[in-house]
Each structure stands twice: as structure tokens, then as C-alpha cells.
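Count along the sequence shown starting at 1, add 9, and that's the number in our numbering.
The C-beta atom is built at its ideal place from N, Cα and C for all residues, glycine as well.
What follows is one structure encoded as C-alpha cells, with my remarks underneath.
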Amino acid sequence: MTDTFEGEAGEDKVICSWQNASEETKKLFPDAVAFHASHTDGHVADCDSWKCLNCGNTVDSDGFLPCDEDGREIEPTPELWTKPLYVCGGCGNVYSKNSGERYFTSEDVAAGYAEKEGEKTTGEKGAQS
Ligand SMILES: [Zn+2]
Ligand SMILES: [Zn+2]
Numbered sequence: 010m011t012d013t014f015e016g017e018a019g020e021d022k023v024i025c026s027w028q029n030a031s032e033e034t035k036k037l038f039p040d041a042v043a044f045h046a047s048h049t050d051g052h053v054a055d056c057d058s059w060k061c062l063n064c065g066n067t068v069d070s071d072g073f074l075p076c077d078e079d080g081r082e083i084e085p086t087p088e089l090w091t092k093p094l095y096v097c098g099g100c101g102n103v104y105s106k107n108s109g110e111r112y113f114t115s116e117d118v119a120a121g122y123a124e125k126e127g128e129k130t131t132g133e134k135g136a137q138s
């Protein structure tokens, strides 16, 4: 947890970063304010300006990357990206695109990796890397 980030600590979800933009910024970008006013907390599917409440990461810093259910970064193609999930580039939490709610924590992802590695050693054919 960083000491510079003033968020609702412990709330593991993403929000529209425009919901707490400064008045100064809002004055400069009225169109953006109008657009982002339509998808307040919990309706972030259409938002292109996410902010992770866990670590304070935004699309302008470390960003959010399309990922699979194991938290692995993937190409957002219809074949590969079957669930709309994003992994936070800052803390590694995995979020649902539609709700902004946390899907996995970075710890869950790490545990998932461990399980997968275990499966591979039992002779199961792993997916190509
Ligand atoms: Zn927004
Ligand atoms: Zn994060």
C-alpha cells in the first residue's frame, strides 16, 4: 500500500477515475466529464479511464491489460478473450470489465499459477506459452 495514494483503502475494485477528478481538470475537459458521468461506480464497462482502488493505478500509468481467468495477459481476440477480464498493471488484481469488481486478487492469481504448474508435471499437456 503506497502512502501517496488517497483512495478508499481496501476496496478492491476499479472505478472511473473521472469520478474523483479535480474541479480544475473537469473544467478543462467538459466533454469527458459528460461522457464519464454516464458510467458511475459499478457501471464501468464503457469507461476508458479506469482507476484501481487497490493500488491507485490508472490507464495513464501502468494500465489494465486483457487477461484470461488465470490472470495471464492475452490478446483480446474473441477466441482467447472469452471472459472480459483485465489485470491491473500496478497490483496484479484481476477485474471484471463489466462491473469493475475484483475477480481475483494477485494472490489468487499466484496460487492459480502454482496449481497449473503442478498439473503440468503430472503429464497433462500444458497449453503453449
Ligand atoms: Zn469513466
Ligand atoms: Zn491495482
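Local Cβ density within 10 Å of residue i, reported as buried at 16 or more and exposed below that
i      : result
His48  : buried
Val23  : buried
Ser70  : exposed
Asp57  : exposed
Gly135 : For Gly135, the pLDDT reaches just 47, beneath the cut-off of 50, and the residue's location in the model is therefore unreliable, although a value from the coordinates is still provided. By the 10 Å Cβ count, Gly135 comes out exposed.
Gly99  : buried
Phe38  : exposed
Asn29  : exposed
Asp55  : exposed
Leu89  : exposed
Check: residue i C-beta below 6 Å from any heavy atom of ligand 3
i     : result
Ser58 : What this structure holds is ligand 1 and ligand 2, not ligand 3.
Limits of the unbroken alpha helix (DSSP H) element including residue i
i     : result
Leu37 : 32-37
Integer-rounded CB distance, given that residue j should sit under 8 Å from residue i
i      : j     : result
Cys76  : Val96 : 4 Å
Ser26  : Lys60 : 4 Å
Phe113 : Gly80 : 6 Å
Best match in the options for proximity to residue i [C-alpha to C-alpha]
i      : options                       : result
Glu116 : Asn102, Gly109, Trp90         : Asn102
His52  : Lys36, Glu124, Gly109, Val118 : Gly109
Tyr122 : Pro85, Glu78, Gly98           : Glu78
Glu20  : Leu62, Thr34, Lys35           : Leu62
Asn107 : Leu94, Ala119, Val118         : Leu94
- beta strand (DSSP E) runs wholly inside the region 41-105, at least 3 long, in chain order: 59-61, 73-76, 94-97, 103-105
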